[in-house]
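Novice: Have a look at the structure that comes next, please.
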Amino acid sequence: MGCGMSTEEKEGKARNEEIENQLKKDRLMQRNEIKMLLLGAGESGKSTILKQMKLIHEGGYSRDERESFKEIIFSNTVQSMRVILEAMESLELPLADQRADYHVQTIFMQPSQIEGDRLPTEVGNAIAVLWKDAGVQSCFQRSREYQLNDSAKYYFDSIDRIAAPDYIPNDQDVLRSRVKTTGITETTFIIGDLTYRMFDVGGQRSERKKWIHCFENVTTILFLVAISEYDQLLFEDETVNRMQEALTLFDSICNSRWFIKTSIILFLNKIDRFKEKLPISPMKNYFPDYEGGSDYQAACDYILNRFVSLNQHETKQIYTHFTCATDTMQIRFVMAAVNDIIIQENLRMCGLI
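In the UniProt record's numbering, the protein residues as written are 1 to 353.
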């Protein structure tokens with residue numbers, strides 16, 4: 001007698017394989033909802049990434065939504081000029097033109113939150129005059145010594161447009177606007193066959209204890225680092241270097257028991273500011289073992305290695321990208337790559353590859 005399978009056995013085997021394949025596909029369908037946690041220290045760019053996702057995958061902001069950003073943009077701009085003027089006092093840097101002192105008083109008279117759909121004319125004029133002052137420029141060049149929003153120069157350079165009566169914020173204005181994230185915000189996007197539930201959590205130290213609520217069943221962590229902050233101190237603790245804080249935080253997340261099976265994607269962000277800073281603020285002053293001078297690629301390689309080398313799990317891969325979160329074209333490309341990574345991870349976890 002032959003030892004081949006009977007027709008009945010073959011049919012049974014085929015049915016079993018069909019059922020097994022369907023179970024695998026069902027598991028994959030269950031994983032089509034991607035729970036992504038956005039982590040990183042304060043001001044690393046997490047909220048900007050969420051805004052980019054809206055621009056790229058939801059058709060952008062309506063006119064009414066853009067209008068709603070006006071007060072935030074006005075407040076960011078005025079607060080940034082106030083911060084510079086206060087820093088000039090503490091650093092004992094005078095105005096180059098003392099006649100501009102009238103405009104200084106105008107800025108100090110403004111409330112911390114600017115309300116209304118127009119920036120007052122006298123405020124716009126004050127910012128325009130002060131931004132051209134050599135003393136203000138000198139203080140701005142020393143901004144690593146105090147806490148100034150990254151968007152300050154962008155808004156100051158655009159002050160004539162922002163102060164115009166018919167001003168409507170554009171994409172860049174919205175992307176660069178800054179509101180401190182407190183608590184946890186959830187945003188949902190559909191990309192291809194995947195539904196992303198993205199959670200943005202406050203990056204400042206006081207907010208981190210709330211992250212625990214997002215830990216269960218997380219598919220992916222998107223961890224952001226503002227690499228341009230290698231020479232800056234924390235907003236919450238001006239004895240701690242921001243990059244060192246990011247390294248400490250990444251170490252705790254990457255090697256946490258909560259995230260042993262979680263994909264980690266690392267965005268080394270704010271490469272535009274980083275490139276500008278390197279020639280004027282030597283990285284070796286803050287990281288003595290760095291030997292690459294002002295070479296951009298050497299500095300990028302050094303920072304990448306510092307983060308990736310913290311991974312203590314041989315089987316865990318860290319997917320890394322150098323990013324500029326305000327560059328929509330670049331983020332569109334990078335997020336497409338991230339989507340591909342997540343699809344591959346899903347297939348692998350479900351046994352389909």
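Every residue, glycine too, gets a C-beta built ideally from N, C-alpha and C.
DSSP three-state label for residue 313, please.
Specialist: Note: residue 313 maps to coil in three-state DSSP.
Novice: Give me the Cβ distance between residue 80 and residue 152, rounded to the nearest whole Å; I'm assuming they're in contact under 8 angstroms.
Specialist: Going by Cβ atoms, the distance from residue 80 to residue 152 rounds to 4 angstroms, so yes, they are a contact pair.
Novice: Whole angstroms are fine: how far does the CA of residue 259 sit from the CA of residue 1?
Specialist: In this predicted model, residue 1 has a pLDDT of only 47, less than 50, meaning its place in the structure is not dependable enough to derive any value.
Novice: Looking at the strands, I want to know which residues DSSP matches up with residue 241.
Specialist: Residue 241 pairs with 233.
Novice: Within the segment 138-211, note down every full alpha helix (DSSP H) run reaching 4 residues or more, in order along the chain.
Specialist: Fully enclosed alpha helix (DSSP H) runs of 4 or longer: 152-157, 159-162 and 171-176.
Novice: Residue ranges of each alpha helix (DSSP H) run of no fewer than 4 residues wholly in the segment 256-305, ordered along the chain?
Specialist: Fully enclosed alpha helix (DSSP H) runs of 4 or longer: 271-277.
Novice: Could you pull out every residue in the same chain whose Cβ sits closer than 6 angstroms to the Cβ of residue 96, ignoring the five residues on either side in sequence?
Specialist: Hits under 6 angstroms: 133, 134 and 135.
Novice: Enumerate in chain order the residues of its own chain whose CB-to-CB distance from residue 53 is below 6 angstroms, with the five nearest sequence positions on each side excluded.
Specialist: Cβ within range, chain order: 189.
Novice: Can you tell me whether residue 1 is helix, strand or coil according to DSSP?
Specialist: For residue 1, the predicted structure reports a pLDDT of 47, less than 50, and the residue's modelled location is therefore unreliable. A value from the coordinates is still provided. Reduced to three states, the DSSP call for residue 1 is coil.
Novice: Just curious, the alpha helix (DSSP H) that residue 95 is in, first and last residue?
Specialist: From DSSP, residue 95 is part of no alpha helix (DSSP H); its letter is neither H nor E.
Novice: According to DSSP, is residue 132 helix, strand or coil?
Specialist: If DSSP states are grouped into helix, strand and coil, residue 132 belongs with coil.
Novice: How about residue 177 and residue 56: do their beta carbons lie closer than 7 angstroms?
Specialist: It is not a contact, given that the beta carbons lie outside the stated cut-off.
Novice: So which of 244, 268, 275 and 273 has the shortest CA-CA distance to residue 287?
Specialist: The shortest Cα separation from residue 287 among 244, 268, 275 and 273 belongs to 244.
Novice: Could you say which of 116, 98 and 125 lies nearest to residue 106 if we only look at CA atoms?
Specialist: Here the closest residue by C-alpha is 125.
Novice: Where residue 90 and residue 108 are concerned, what is the direct C-alpha to C-alpha distance, given to the nearest angstrom?
Specialist: Spanning the two alpha carbons is a distance of roughly 15 angstroms.
Novice: Taking Cβ to Cβ, would you say residue 197 is nearer than 7 angstroms to residue 70?
Specialist: It is not a contact, given that the beta carbons lie outside the stated cut-off.
Novice: Would you list the residues sitting across from residue 225 in a DSSP beta bridge?
Specialist: Bridge partners of residue 225: 268.
Novice: Starting from the C-beta of residue 139, find all residues in its chain whose C-beta is less than 7 angstroms away, skip the five residues before and the five after it, and write them out in chain order.
Specialist: Once the five neighbours on either side are set aside, the close Cβ partners of residue 139 are 84, 87, 88, 91 and 93.
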